[in-house]
Amino acid sequence: MALHPVRLPRSAAHLFRVVVLQKKLLKALCEPTLKAATIDLVWLQGVWRKVDPEWVRRFCLGGQKSPLQPLVAMTGSPLTARRALYEEFCRQNRVGRTFHAGGDFRDIRTLNDMDPELADAARDFFKRCYERLSHDDAKQWPGYQFPGSRLISNRSYKKDFTSTPPTSAVCPYCDGEIGTPKLDHYLCKNHFPLLACSPWNLVPVCSSCNELGAKGDRLAVTHGSPNPMIDWLHPFFRAASAAVEIRLSGAPNASIPSLYSPSAAEQNRLNNHSALIHTLTDRWTKRASAFFDGLVNEVQRRSTAGRTADVLVSERLDDFLAQRGREPSSLIRAAVCQAVLDRRTGYFEELSDSNPVTLA
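Everything in the sequence shown is counted per numbering that gives the first Met the number 0, starting at 0 for the first residue and increasing by one.
Have a look at this one:
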(Lines of atoms letter the chains of each structure in order from A and count residues from 1; the text may use other names and numbers.)
(Lines give C-alpha, C1' and ligand atoms only; values in the text may rest on other atoms or scores of the structure.)
Protein backbone atom coordinates (compact mmCIF):
# COMPACT_ATOMS: atom_id res chain seq x y z
CA MET A 1 0.00 0.00 0.00
CA ALA A 2 2.60 2.51 -1.10
CA LEU A 3 3.37 4.24 -4.35
CA HIS A 4 6.93 4.87 -3.18
CA PRO A 5 9.24 2.67 -1.08
CA VAL A 6 9.57 3.84 2.51
CA ARG A 7 12.71 3.34 4.59
CA LEU A 8 12.79 3.00 8.36
CA PRO A 9 14.42 5.96 10.11
CA ARG A 10 17.36 5.39 12.42
CA SER A 11 15.20 5.93 15.49
CA ALA A 12 13.18 2.83 14.58
CA ALA A 13 15.78 0.98 16.65
CA HIS A 14 14.27 2.59 19.76
CA LEU A 15 10.75 1.66 18.69
CA PHE A 16 11.84 -1.96 18.25
CA ARG A 17 12.86 -1.79 21.91
CA VAL A 18 9.25 -0.97 22.76
CA VAL A 19 8.23 -4.15 20.94
CA VAL A 20 10.81 -6.08 22.99
CA LEU A 21 9.30 -4.68 26.20
CA GLN A 22 5.87 -5.86 25.07
CA LYS A 23 7.25 -9.31 24.29
CA LYS A 24 8.83 -9.60 27.75
CA LEU A 25 5.55 -8.60 29.34
CA LEU A 26 3.49 -11.14 27.39
CA LYS A 27 6.00 -13.85 28.28
CA ALA A 28 5.73 -12.92 31.95
CA LEU A 29 1.94 -13.23 31.68
CA CYS A 30 2.45 -16.88 30.68
CA GLU A 31 3.80 -17.78 34.11
CA PRO A 32 1.50 -20.65 35.28
CA THR A 33 1.29 -19.45 38.90
CA LEU A 34 0.60 -15.81 38.05
CA LYS A 35 -2.43 -14.30 39.78
CA ALA A 36 -4.34 -11.14 38.94
CA ALA A 37 -3.54 -9.71 42.37
CA THR A 38 0.16 -9.87 41.48
CA ILE A 39 -0.19 -7.36 38.63
CA ASP A 40 0.89 -4.00 39.97
CA LEU A 41 3.62 -1.41 39.54
CA VAL A 42 6.25 -3.44 41.41
CA TRP A 43 5.55 -6.49 39.25
CA LEU A 44 5.93 -4.48 36.03
CA GLN A 45 9.10 -2.83 37.29
CA GLY A 46 10.47 -6.33 37.83
CA VAL A 47 9.51 -7.45 34.33
CA TRP A 48 11.07 -4.31 32.83
CA ARG A 49 13.96 -4.25 35.28
CA LYS A 50 16.40 -2.65 32.80
CA VAL A 51 14.14 0.38 32.40
CA ASP A 52 14.18 3.33 34.81
CA PRO A 53 11.70 2.42 37.62
CA GLU A 54 10.46 6.01 37.80
CA TRP A 55 9.64 5.97 34.09
CA VAL A 56 7.73 2.69 34.57
CA ARG A 57 5.80 4.31 37.42
CA ARG A 58 4.77 7.17 35.18
CA PHE A 59 3.92 4.72 32.40
CA CYS A 60 1.41 3.09 34.74
CA LEU A 61 -0.38 6.31 35.68
CA GLY A 62 -3.84 7.05 34.39
CA GLY A 63 -6.30 5.49 36.80
CA GLN A 64 -8.82 3.49 34.79
CA LYS A 65 -6.81 4.34 31.66
CA SER A 66 -3.63 2.84 33.10
CA PRO A 67 -2.05 0.03 31.05
CA LEU A 68 -2.14 -2.05 34.24
CA GLN A 69 -5.93 -2.37 34.03
CA PRO A 70 -6.07 -4.54 30.89
CA LEU A 71 -3.08 -6.55 32.16
CA VAL A 72 -5.07 -7.53 35.24
CA ALA A 73 -7.95 -8.62 33.00
CA MET A 74 -5.58 -10.62 30.76
CA THR A 75 -4.26 -12.54 33.76
CA GLY A 76 -7.74 -13.87 34.43
CA SER A 77 -7.82 -15.70 31.10
CA PRO A 78 -6.80 -19.37 30.73
CA LEU A 79 -3.08 -20.06 30.47
CA THR A 80 -3.54 -21.68 27.05
CA ALA A 81 -5.07 -18.47 25.72
CA ARG A 82 -2.26 -16.33 27.14
CA ARG A 83 0.34 -18.61 25.57
CA ALA A 84 -1.48 -18.47 22.23
CA LEU A 85 -1.41 -14.68 22.42
CA TYR A 86 2.33 -14.66 23.16
CA GLU A 87 3.09 -17.03 20.28
CA GLU A 88 0.99 -14.96 17.87
CA PHE A 89 2.73 -11.78 18.99
CA CYS A 90 6.11 -13.34 18.23
CA ARG A 91 4.91 -14.59 14.85
CA GLN A 92 3.26 -11.36 13.74
CA ASN A 93 6.22 -9.22 14.79
CA ARG A 94 8.46 -11.11 12.42
CA VAL A 95 6.68 -8.83 10.00
CA GLY A 96 8.82 -9.26 6.90
CA ARG A 97 8.82 -13.04 7.12
CA THR A 98 5.08 -13.20 7.72
CA PHE A 99 4.36 -10.77 4.89
CA HIS A 100 6.48 -12.60 2.32
CA ALA A 101 4.89 -15.89 3.38
CA GLY A 102 1.53 -14.51 2.23
CA GLY A 103 0.69 -12.07 5.00
CA ASP A 104 -1.36 -14.24 7.34
CA PHE A 105 -1.67 -11.59 10.03
CA ARG A 106 -4.58 -12.80 12.14
CA ASP A 107 -7.17 -10.90 14.06
CA ILE A 108 -6.46 -12.14 17.58
CA ARG A 109 -10.15 -12.83 18.13
CA THR A 110 -9.88 -15.69 15.63
CA LEU A 111 -6.99 -17.51 17.37
CA ASN A 112 -7.48 -21.00 18.74
CA ASP A 113 -7.98 -21.05 22.52
CA MET A 114 -8.61 -17.31 22.50
CA ASP A 115 -11.44 -16.05 24.68
CA PRO A 116 -13.21 -12.74 23.94
CA GLU A 117 -12.21 -11.18 27.27
CA LEU A 118 -8.51 -11.72 26.59
CA ALA A 119 -8.81 -10.40 23.04
CA ASP A 120 -10.53 -7.22 24.24
CA ALA A 121 -8.06 -6.69 27.09
CA ALA A 122 -5.08 -7.28 24.79
CA ARG A 123 -6.42 -4.78 22.27
CA ASP A 124 -6.86 -2.19 25.03
CA PHE A 125 -3.36 -2.79 26.37
CA PHE A 126 -1.57 -2.47 23.03
CA LYS A 127 -3.57 0.61 22.07
CA ARG A 128 -2.60 2.19 25.39
CA CYS A 129 1.03 1.31 24.68
CA TYR A 130 0.74 3.19 21.40
CA GLU A 131 -0.92 6.15 23.11
CA ARG A 132 2.10 6.33 25.43
CA LEU A 133 4.23 6.97 22.34
CA SER A 134 2.62 10.41 22.12
CA HIS A 135 4.44 13.06 24.15
CA ASP A 136 2.40 15.21 26.51
CA ASP A 137 4.12 18.46 27.45
CA ALA A 138 1.42 19.37 29.97
CA LYS A 139 2.00 16.12 31.89
CA GLN A 140 5.74 16.20 31.21
CA TRP A 141 5.45 12.86 29.47
CA PRO A 142 8.30 12.46 26.94
CA GLY A 143 7.33 9.20 25.27
CA TYR A 144 9.37 6.00 25.68
CA GLN A 145 12.62 6.59 27.51
CA PHE A 146 15.59 4.22 27.64
CA PRO A 147 19.02 4.25 29.34
CA GLY A 148 21.55 6.63 27.86
CA SER A 149 19.00 9.45 27.39
CA ARG A 150 17.53 7.63 24.42
CA LEU A 151 13.98 8.69 23.71
CA ILE A 152 11.30 7.85 21.16
CA SER A 153 8.00 9.69 20.79
CA ASN A 154 5.42 10.17 18.09
CA ARG A 155 6.79 13.64 17.39
CA SER A 156 10.47 12.66 17.24
CA TYR A 157 9.71 9.59 15.13
CA LYS A 158 7.80 11.61 12.53
CA LYS A 159 10.57 14.20 12.46
CA ASP A 160 13.15 11.47 11.86
CA PHE A 161 10.97 9.86 9.18
CA THR A 162 10.64 13.11 7.26
CA SER A 163 14.38 13.81 7.14
CA THR A 164 14.93 11.71 3.98
CA PRO A 165 13.02 11.10 0.72
CA PRO A 166 10.39 10.18 -0.12
CA THR A 167 8.72 11.01 3.19
CA SER A 168 10.62 14.30 3.55
CA ALA A 169 8.22 15.76 0.99
CA VAL A 170 5.94 13.11 -0.53
CA CYS A 171 3.10 11.06 0.95
CA PRO A 172 3.76 7.41 0.04
CA TYR A 173 0.03 6.67 -0.24
CA CYS A 174 -1.10 9.43 -2.63
CA ASP A 175 2.13 10.99 -4.03
CA GLY A 176 0.91 14.38 -2.78
CA GLU A 177 2.61 16.77 -0.39
CA ILE A 178 3.11 15.13 3.00
CA GLY A 179 2.88 18.42 4.91
CA THR A 180 2.76 17.86 8.67
CA PRO A 181 2.66 14.05 8.65
CA LYS A 182 0.48 11.69 10.61
CA LEU A 183 1.48 8.15 11.60
CA ASP A 184 -0.83 5.63 9.98
CA HIS A 185 -1.11 2.00 11.04
CA TYR A 186 -0.74 0.05 7.81
CA LEU A 187 -2.78 -2.73 9.42
CA CYS A 188 -5.22 -0.90 11.69
CA LYS A 189 -4.62 -1.34 15.40
CA ASN A 190 -8.27 -2.14 16.13
CA HIS A 191 -7.94 -5.44 14.27
CA PHE A 192 -4.19 -6.01 14.59
CA PRO A 193 -3.26 -4.55 17.99
CA LEU A 194 -0.15 -6.74 18.30
CA LEU A 195 1.44 -4.54 15.63
CA ALA A 196 0.36 -1.23 17.17
CA CYS A 197 3.95 -0.20 18.01
CA SER A 198 5.81 -2.12 15.31
CA PRO A 199 8.00 0.15 13.16
CA TRP A 200 7.02 -2.02 10.18
CA ASN A 201 3.38 -1.04 10.71
CA LEU A 202 3.75 2.74 11.17
CA VAL A 203 3.84 4.87 8.04
CA PRO A 204 4.10 8.68 7.80
CA VAL A 205 1.31 9.95 5.53
CA CYS A 206 -0.43 13.22 4.73
CA SER A 207 -3.43 14.29 6.79
CA SER A 208 -5.79 13.70 3.84
CA CYS A 209 -4.80 10.02 3.56
CA ASN A 210 -5.08 9.61 7.32
CA GLU A 211 -8.71 10.77 7.50
CA LEU A 212 -11.45 8.28 8.34
CA GLY A 213 -13.06 8.99 4.98
CA ALA A 214 -9.84 8.08 3.16
CA LYS A 215 -8.30 4.89 4.55
CA GLY A 216 -9.76 4.80 8.03
CA ASP A 217 -9.84 1.32 9.57
CA ARG A 218 -10.26 -0.52 6.29
CA LEU A 219 -7.95 -3.50 5.97
CA ALA A 220 -5.18 -4.01 3.43
CA VAL A 221 -5.84 -7.74 3.36
CA THR A 222 -8.02 -10.09 1.31
CA HIS A 223 -10.37 -11.97 3.61
CA GLY A 224 -10.70 -15.70 3.03
CA SER A 225 -7.52 -16.00 0.98
CA PRO A 226 -4.73 -18.40 2.03
CA ASN A 227 -2.35 -15.56 1.11
CA PRO A 228 -4.31 -12.51 2.29
CA MET A 229 -1.66 -9.92 1.36
CA ILE A 230 -0.44 -11.29 -1.95
CA ASP A 231 -2.60 -8.76 -3.82
CA TRP A 232 -1.57 -5.73 -1.78
CA LEU A 233 1.23 -3.21 -1.83
CA HIS A 234 3.28 -2.63 1.32
CA PRO A 235 5.19 0.55 2.19
CA PHE A 236 8.33 -1.32 3.28
CA PHE A 237 8.22 -4.67 1.52
CA ARG A 238 6.31 -4.20 -1.74
CA ALA A 239 6.02 -0.65 -3.02
CA ALA A 240 4.79 0.12 -6.54
CA SER A 241 7.39 -0.52 -9.24
CA ALA A 242 8.99 2.18 -11.39
CA ALA A 243 6.73 1.05 -14.25
CA VAL A 244 3.60 2.27 -12.44
CA GLU A 245 1.98 5.43 -13.76
CA ILE A 246 -1.28 7.33 -13.57
CA ARG A 247 -3.41 7.41 -16.71
CA LEU A 248 -6.20 9.90 -17.33
CA SER A 249 -9.53 9.57 -19.07
CA GLY A 250 -12.16 12.27 -19.50
CA ALA A 251 -11.82 16.03 -19.86
CA PRO A 252 -8.98 17.94 -18.17
CA ASN A 253 -11.26 19.61 -15.63
CA ALA A 254 -13.04 16.35 -14.72
CA SER A 255 -10.52 13.64 -15.49
CA ILE A 256 -10.77 10.11 -14.16
CA PRO A 257 -7.30 9.07 -13.00
CA SER A 258 -6.35 5.42 -12.63
CA LEU A 259 -3.15 3.66 -11.65
CA TYR A 260 -1.65 1.47 -14.36
CA SER A 261 1.01 -1.24 -14.42
CA PRO A 262 1.99 -3.52 -17.33
CA SER A 263 2.09 -6.36 -14.78
CA ALA A 264 -1.27 -8.04 -14.17
CA ALA A 265 -0.29 -9.01 -10.62
CA GLU A 266 0.77 -5.48 -9.79
CA GLN A 267 -2.36 -4.08 -11.43
CA ASN A 268 -4.47 -6.03 -8.93
CA ARG A 269 -2.47 -4.45 -6.12
CA LEU A 270 -2.92 -0.99 -7.59
CA ASN A 271 -6.68 -1.52 -7.88
CA ASN A 272 -6.78 -2.54 -4.22
CA HIS A 273 -4.73 0.51 -3.27
CA SER A 274 -7.16 2.87 -5.03
CA ALA A 275 -10.16 1.15 -3.46
CA LEU A 276 -8.61 1.28 0.00
CA ILE A 277 -8.09 5.06 0.00
CA HIS A 278 -11.52 6.31 -0.99
CA THR A 279 -10.59 9.94 -1.60
CA LEU A 280 -7.63 9.23 -3.87
CA THR A 281 -9.37 9.61 -7.24
CA ASP A 282 -11.15 12.83 -6.30
CA ARG A 283 -7.95 14.45 -5.03
CA TRP A 284 -6.03 13.44 -8.15
CA THR A 285 -8.81 14.83 -10.38
CA LYS A 286 -8.54 18.23 -8.70
CA ARG A 287 -4.74 18.24 -8.92
CA ALA A 288 -4.81 17.27 -12.60
CA SER A 289 -7.24 20.08 -13.42
CA ALA A 290 -5.22 22.71 -11.56
CA PHE A 291 -1.94 21.57 -13.07
CA PHE A 292 -3.32 21.47 -16.61
CA ASP A 293 -4.48 25.09 -16.36
CA GLY A 294 -1.01 26.09 -15.24
CA LEU A 295 0.63 24.02 -17.97
CA VAL A 296 -1.41 25.76 -20.68
CA ASN A 297 -0.33 29.15 -19.34
CA GLU A 298 3.29 28.04 -19.12
CA VAL A 299 3.32 26.76 -22.70
CA GLN A 300 1.73 29.99 -23.92
CA ARG A 301 4.47 32.02 -22.26
CA ARG A 302 7.44 29.91 -23.30
CA SER A 303 6.65 28.53 -26.76
CA THR A 304 8.52 29.90 -29.75
CA ALA A 305 9.05 28.82 -33.33
CA GLY A 306 11.94 26.62 -32.22
CA ARG A 307 10.32 25.36 -29.02
CA THR A 308 6.95 23.90 -29.82
CA ALA A 309 4.37 22.82 -27.27
CA ASP A 310 5.43 19.20 -27.76
CA VAL A 311 9.02 20.05 -26.90
CA LEU A 312 8.04 22.03 -23.82
CA VAL A 313 5.60 19.41 -22.54
CA SER A 314 8.12 16.62 -23.21
CA GLU A 315 10.70 18.49 -21.16
CA ARG A 316 8.24 18.89 -18.30
CA LEU A 317 7.35 15.19 -18.50
CA ASP A 318 11.03 14.27 -18.20
CA ASP A 319 11.31 16.57 -15.19
CA PHE A 320 8.41 14.92 -13.40
CA LEU A 321 9.65 11.41 -14.13
CA ALA A 322 13.04 12.36 -12.68
CA GLN A 323 11.37 13.91 -9.61
CA ARG A 324 9.29 10.84 -8.83
CA GLY A 325 9.28 10.16 -5.11
CA ARG A 326 11.10 13.43 -4.39
CA GLU A 327 8.63 16.12 -5.44
CA PRO A 328 4.91 16.03 -4.56
CA SER A 329 2.36 15.14 -7.26
CA SER A 330 4.97 14.11 -9.83
CA LEU A 331 2.83 11.14 -10.92
CA ILE A 332 -0.32 13.13 -11.66
CA ARG A 333 1.63 15.92 -13.37
CA ALA A 334 3.41 13.37 -15.54
CA ALA A 335 -0.01 11.92 -16.40
CA VAL A 336 -1.26 15.32 -17.58
CA CYS A 337 1.84 15.82 -19.74
CA GLN A 338 1.42 12.36 -21.25
CA ALA A 339 -2.24 13.06 -22.02
CA VAL A 340 -1.18 16.16 -23.96
CA LEU A 341 1.50 14.29 -25.90
CA ASP A 342 -0.97 11.48 -26.65
CA ARG A 343 -3.31 14.07 -28.21
CA ARG A 344 -6.03 13.20 -25.77
CA THR A 345 -9.38 14.87 -26.41
CA GLY A 346 -9.65 18.09 -24.41
CA TYR A 347 -5.95 18.29 -23.72
CA PHE A 348 -5.00 18.57 -27.40
CA GLU A 349 -7.63 21.22 -28.19
CA GLU A 350 -6.61 23.49 -25.31
CA LEU A 351 -3.04 23.66 -26.51
CA SER A 352 -3.77 23.72 -30.23
CA ASP A 353 -6.15 26.66 -29.72
CA SER A 354 -3.53 28.57 -27.71
CA ASN A 355 -1.84 31.36 -29.64
CA PRO A 356 1.07 31.39 -30.56
CA VAL A 357 1.52 27.73 -29.50
CA THR A 358 2.31 25.24 -32.25
CA LEU A 359 2.33 21.47 -32.01
CA ALA A 360 4.99 19.42 -33.72
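The beta carbon of each residue, even a glycine, is placed where N, CA and C say it ideally should be.
- Q44: member of the alpha helix (DSSP H) spanning L40 to V46, first to last residue.
- Leaving aside the five residues that flank E349 on each side, the residues in its chain whose CB is nearer than 7 Å to its CB run, in chain order, P251 and V295.
- Distance between D230 and R57, taken at the CA atoms: about 43 Å.
- Under the three-state reduction of DSSP, P198 is assigned to helix.
- Between the beta-carbon of D183 and that of L330 there is about 19 Å, and that puts the pair past the 8 Å contact cut.
- D183: member of the beta strand (DSSP E) spanning K181 to H184, first to last residue.
- Looking at the backbone, the Cα of R315 and that of A333 are separated by about 8 Å.
- Between R82 and L117 a beta carbon distance of about 11 Å is seen, past the 8 Å cut, so the two are scored as non-contacting.
- DSSP places Y172 in the coil class of the three-state scheme, outside both helix and strand.
- Note: Y156 is not bridge-paired with any residue in the DSSP secondary-structure output.
- No Cβ-Cβ contact shorter than 9 Å links T278 with A219.
- Here the C-alpha atom of Q44 lies approximately 15 Å from the C-alpha atom of V71.
- Runs of the beta strand (DSSP E) lying entirely within the stretch 222-274, each at least 3 residues long, are 244-248 and 255-259 in chain order.
- Listed as beta-bridge partners of D135 by DSSP are W140.
- For I151, the enclosing beta strand (DSSP E) starts and ends at R149 to I151.
- Beyond the five residues adjoining it in sequence on each side, S206 comes within less than 6 Å, by CB distance, of K181 in the same chain, given in chain order.
- Under the 8 Å Cβ criterion, the stretch 181-200 counts as touching the stretch 86-99, having at least three qualifying pairs.
- The criterion of a C-beta distance shorter than 9 Å is satisfied by T163 and R6.
- With fewer than three CB-CB distances shorter than 8 Å, the stretch 258-271 does not count as touching the stretch 128-142.
- Within 10 angstroms of the beta-carbon of H222 lie fewer than 16 other beta-carbons, which makes it exposed.
- Membership of E116 in the alpha helix (DSSP H) is indicated by the continuous run P115 to E130.
- Assignment of V204 by DSSP, reduced to helix, strand and coil, places it in the strand class.
- Here F191 carries a coil assignment [DSSP, helix/strand/coil].
- For the pair A11 and M73, the CB atoms are not nearer than the 9 Å cut-off.
- For the pair V55 and K126, the Cα-to-Cα distance works out to about 17 Å.
- Per DSSP, R323 lies in no alpha helix (DSSP H) segment and is marked neither H nor E.
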